[in-house]
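J.:
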Amino acid sequence: MADPTPREILALLWRLAGLAPEPLGRVALTGAEPALPSSFRIGAAAQATVAAATAAVAEVHRRRTGVAQQAHVDMRHAALEFHSEHYLRLTGQEPTDPWDSIAGTYRCGDGRIVRLHTNFPHHRAGVLRLLGCEGTREAVAAALQGWRAFDFEDAAAEAGLCVSALRSFAEWDAHPQGQAVASLPPLRIERIGDAPPTPLPPGAARPLEGL
12 MADPTPREIL ALLWRLAGLA PEPLGRVALT GAEPALPSSF RIGAAAQATV AAATAAVAEV
72 HRRRTGVAQQ AHVDMRHAAL EFHSEHYLRL TGQEPTDPWD SIAGTYRCGD GRIVRLHTNF
132 PHHRAGVLRL LGCEGTREAV AAALQGWRAF DFEDAAAEAG LCVSALRSFA EWDAHPQGQA
192 VASLPPLRIE RIGDAPPTPL PPGAARPLEG L
């Protein structure tokens with residue numbers, strides 16, 4: 012089976028949201044993979060999801076004003092949105108690095124790789140406590156040489172930490188979590204109660220103004 016195109020992904024998301032297809036005819040998609048270096052189709056995912064949000068906002072605008080707008084989403088531009096933290100500025104200055112100093116990927120003693128997410132202080136403290144080492148990348152790398160990747164992932168999960176062992180596509184498909192999500196749709200909306208629809212306030216200069 013061929014991989015779905017960004018247009019097909021967009022149509023799927025739109026259909027799962029229960030929306031009429033006409034607004035998608037006013038959305039143009041340009042560009043092609045690869046948008047970012049990855050084994051995943053990040054460009055397609057970025058373009059389809061940004062386009063879905065754009066089309067939804069444009070449809071809100073049409074319903075409030077009667078004016079239908081054409082939207083254009085380029086894959087490279089959408090991919091940059093997925094990396095926006097690298098390009099934003101605060102009062103003209105680059106923000107501080109959002110990543111903790113020991114966050115990232117490391118090779119374990121069995122040659123496999125784990126990724127540590129340690130941006131929250133309690134996650135960082137928990138990883139260092141589990142490893143029994145100082146808070147430097149060098150110390151963490153040395154300590155992980157005494158672990159097998161899957162064993163460390165399990166131990167970290169038991170401790171409430173955020174660590175994942177990297178897997179091949181086949182390994183993920185065989186993993187219980189991979190199997191659990193395989194049959195789920197990418198989007199699901201669940202009604203949690205009944206209420207009358209709230210009308211959209213008229214006369215807005217911007218699509219979501221006043222909402």
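If you count the sequence shown from 1, you need to add 11 to reach our numbering.
Glycine included, each C-beta is placed from N, C-alpha and C at the ideal position.
1. Do the CB positions of residue 129 and residue 138 come within less than 8 Å of each other?
2. For residue 59, count neighbouring Cβ atoms within 10 angstroms of its own Cβ and tell me buried if that reaches 16, exposed if not.
3. Taking a contact to mean a Cβ-Cβ separation below 8 Å, would you say residue 172 touches residue 142 in this structure?
4. Quick check: residue 57 and residue 93, are their CB atoms within less than 8 Å of each other?
5. Check whether the Cβ atoms of residue 198 and residue 28 sit closer than 8 Å, and answer yes or no.
6. Measuring CB atoms only, is the segment 27-44 touching the segment 84-91, in the sense that at least three cross pairs come out at less than 8 Å?
7. Secondary structure at residue 186, three-state DSSP: helix, strand or coil?
8. At which residues does the beta strand (DSSP E) containing residue 83 begin and terminate?
9. Pick from 46, 49, 75: whose alpha carbon is nearest that of residue 220?
10. Compute the distance between the beta-carbons of residue 121 and residue 159, then report whether it is under 8 Å.
11. If you draw a straight line from the alpha carbon of residue 182 to that of residue 201, how long is it in whole angstroms?
12. Beta carbon of residue 119, beta carbon of residue 156: below 8 Å?
13. So what does DSSP say about residue 29, is it helix, strand or coil?
14. Using 8 Å for Cβ pairs, my map puts residue 30 next to residue 21. What's the rounded Cβ distance?
T.: According to the structure data:
1. Walking along the sequence shown from the start, residue 129 turns up at place 118. Walking along the sequence shown from the start, residue 138 turns up at place 127. Yes, they are a contact pair.
2. Within the sequence shown, residue 59 is the residue found at index 48, counting from 1. The residue in question, residue 59, is buried, as its Cβ has 16 or more Cβ neighbours within 10 Å.
3. Residue 172 sits at position 161 when you count from the first residue of the sequence shown. Residue 142 sits at position 131 when you count from the first residue of the sequence shown. Cβ distance not < 8 Å, so residue 172 and residue 142 don't count as in contact.
4. Here residue 57 corresponds to residue number 46 of the sequence shown, with the count starting at 1. Here residue 93 corresponds to residue number 82 of the sequence shown, with the count starting at 1. In contact: residue 57 and residue 93 (Cβ atoms closer than 8 Å).
5. Within the sequence shown, numbered from 1, the residue matching residue 198 stands at position 187. Within the sequence shown, numbered from 1, the residue matching residue 28 stands at position 17. Yes. Within cutoff.
6. yes
7. Numbered from 1 along the sequence shown, position 175 holds the residue referred to as residue 186. Residue 186: coil per DSSP, three-state reduction.
8. Locating residue 83 in the sequence shown gives position 72, where the first residue counts as 1. Where residue 83 is concerned, the enclosing beta strand (DSSP E) stretches over 82-85.
9. Working through the sequence shown from its first residue, we reach residue 220 at position 209. If we check each option's Cα against that of residue 220, 75 comes out closest.
10. Position 110 of the sequence shown, counted from the first residue, corresponds to residue 121. Position 148 of the sequence shown, counted from the first residue, corresponds to residue 159. Result yes, Cβ atoms of residue 121 and residue 159 sit closer than 8 Å.
11. The residue you call residue 182 lines up with position 171 of the sequence shown. The residue you call residue 201 lines up with position 190 of the sequence shown. Approximately 31 Å, taken between the alpha carbons.
12. For this step, residue 119 is matched to residue 108 along the sequence shown. For this step, residue 156 is matched to residue 145 along the sequence shown. In this structure, residue 156 lies closer than 8 Å to residue 119 by Cβ.
13. Within the sequence shown, numbered from 1, the residue matching residue 29 stands at position 18. Note: residue 29 maps to coil in three-state DSSP.
14. Along the sequence shown, read from residue 1 onward, the residue named residue 30 stands at position 19. Along the sequence shown, read from residue 1 onward, the residue named residue 21 stands at position 10. Between residue 21 and residue 30 the Cβ distance is about 11 Å, and since that is not below 8 Å, they are no contact.
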